[in-house]
Amino acid sequence: MLDLRFIRQNVDTVRKAIKAKNEKADIDKIIQFDEDKRKMQFEFDRMRAEQNRVSQEIPQLKKAGRDVSQLLADMSTIARKIKDISQDLLEISDRLNSELLKVPNIPAPDVPVGNSSENRLIREWGKPKHFPFTPRDHLELAEMNGFLDFKRAAKISGSGFSAYTDLGAKLERSLINFMIDFHVKNHGYREISLPVMVKREAMIGTGQLPKLEEDMYLIEADDLFLVPTAEVSMTNFHTGEIIPWQNLPLQYVSYSPCFRREAGSYGKETKGLQRLHQFNKVEMVRFVHPEKSYDILEEMVRDAEEIIRELGLHYRIMCLATGDLSFASAKTYDIEVWSPGSAKYLEVSSISNFESFQARRASLRFRDTDDKVKFLHTLNGSGVATPRTFIALLETWQNKDGSIDFPPCLQQYLN
RNA sequence: GGAGAGUUGCCGGAGCGGUUGAACGGGGCGGUCUCGAAAACCGUUGUGGGUUUACGCCUACCCAGGGUUCGAAUCCCUGACUCUCCGCCA
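Numbering-wise, the working numbering comes out as the position in the first sequence, counting from 1, plus 2.
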């Protein structure tokens, strides 16, 4: 959510951002509602002051033996008016707020403008591995090694679900353990494990709602959502708190299953592990001082890429263009690993700076050195998602006979 | 699922329907004292909104939403959450 005062003073900037992100928030409505609301608030305050003043006089007049019946009658009228106004005030606040929740975050100034074709290559590591034979894709390799069983997964849950079997299951678990341990040991994150079912407010807090309700799994009986990423639970972990600046940054790493309905994306990348309704991911979240968030964004990219390097995978880093940015993000880097089997890059990590956008929605504040309470900045990044990493790992480390070698960093977990 | 208890400021803990933004205690911060520290003493210590060049002033907020009243932290209703016990269960 953006600061209303900011919107008021930077209408054009906000309009541009809405357009760049292909969103449809109504700024004119917001400006109008805001104006109406402040007018009502002023009127309400004025009448309330009057009411408070007289209400304090009444007992004194009574004590002095004066007749207050006329006064009481007058006040009764005022009380009714106040009730009417506060009703209107509530209504306009609701309308303003729900409109405000539709306004996306503003892209950072150095983000390329345009759709995904404008995504900017930042750097790459390694190069596509050359094989002296035709590399197999992960499905074939998984089949040969008995790592996956999609048919049976479908029996249980339908399409879009995976089953890892035997060494495949252990490999996936090893990936998760390796990543978490690595981030804790080398990058100073605290490991946490949080609920994967969350309240509606939490989903609004991080910005999935109201926009993406269609893509979320909802448990209607309890109005709880299955998280599409651990980001939701982690970012809302400190909701409503005012954190002393000395305690910043706070940085957490957590593994969680992620649930996505992927409504409307059927037929896209549906093969194997590429796009699933449920998958596992290690996620990093940081709560930081606003002045440092962009440095930390770079730092988090390095945190994530180190993992992939340890796994011996070729990758590249892209800076997403405005049209490809998520609703809540100001700037996002994607890390894409090379899949020799399909000869293309697969997104395994997305690292974003949300600036104060989520902080404002979820009420995440800190007390700065000047003793003022301010919104902090939040960032998150996958560190990283397991299915596509699993794909690239099998395909990159395959041998001619279909057997797989494993990178050294996983040995201790696999043995 | 059944039965009860609770939700007040940074924390503990009061609070007859009318100067209660909230007693009292603790903590924090500032000061006096001290070579320094401790102790003692004094002062201060919430978050939004509106208005003002500024000091300030007004307003809202004692879990949330309604209601009663001229006036509600205080009375009534509904809901959320927490806790205890019973049942059930991984």
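Glycine residues also receive a C-beta, built at the ideal position from the N, C-alpha and C atoms.
- CA-CA distance, residue 47 to residue 88, rounds to 10 angstroms.
- DSSP, reduced to helix, strand and coil, places residue 285 within a strand of the structure shown.
- For the beta strand (DSSP E) assignment, the uninterrupted runs of no fewer than 3 residues enclosed by the region 127–213 are, from N- to C-terminal side, 199–201.
- By the neighbour-count criterion, in which 16 or more other beta carbons inside 10 Å mark a residue as buried, residue 140 falls on the buried side.
- In the DSSP assignment, residue 380 falls within the unbroken beta strand (DSSP E) covering 379–387.
- Distance from residue 280 to residue 261 at the Cβ level is roughly 5 angstroms; contact confirmed, criterion being Cβ atoms closer than 8 angstroms.
- In this chain, the alpha helix (DSSP H) harbouring residue 58 covers 29–65.
- Between the region 115–135 and the region 54–67 there are fewer than three C-beta pairs closer than 8 angstroms, too few to call the two in contact.
- Bounds of the beta strand (DSSP E) holding residue 368 are 367–369.
- DSSP places residue 346 inside the beta strand (DSSP E), whose first and last residues are 346–355.
- Around the beta-carbon of residue 410, fewer than 16 other beta-carbon atoms lie within 10 Å, marking it exposed.
- By the Cβ rule, the region 180–196 does not count as touching the region 155–165, because fewer than three pairs are nearer than 8 angstroms.
- Spatial neighbours of residue 278 in its own chain (CB-CB distance under 7 angstroms, excluding positions within 5 residues in sequence) are listed in chain order as 162, 163, 164, 389.
- For the pair residue 227 and residue 236, the CB atoms are not nearer than the 8 angstroms cut-off.
- Annotation for residue 7: no beta strand (DSSP E) segment contains it, though the alpha helix (DSSP H) segment containing it runs 6–11.
- A contact is defined here as three or more CB-CB pairs under 8 angstroms, and the region 364–379 fails this definition with respect to the region 333–349.
- Boundaries cannot be given for residue 108, as no alpha helix (DSSP H) includes it and DSSP labels it neither H nor E.
- The DSSP-derived three-state label of residue 259 is strand.
- Note on geometry: alpha-carbon atoms of residue 351 and residue 85 lie some 52 angstroms from one another.
- Exposure of residue 197 is indicated by the presence of fewer than 16 other C-beta atoms within 10 angstroms of its C-beta.
- Residue 152 counts as buried, since no fewer than 16 other beta carbons sit within 10 angstroms of its beta carbon.
- In summary, residue 244 is exposed, with fewer than 16 beta-carbon neighbours lying within 10 Å of its beta-carbon over all protein chains present.
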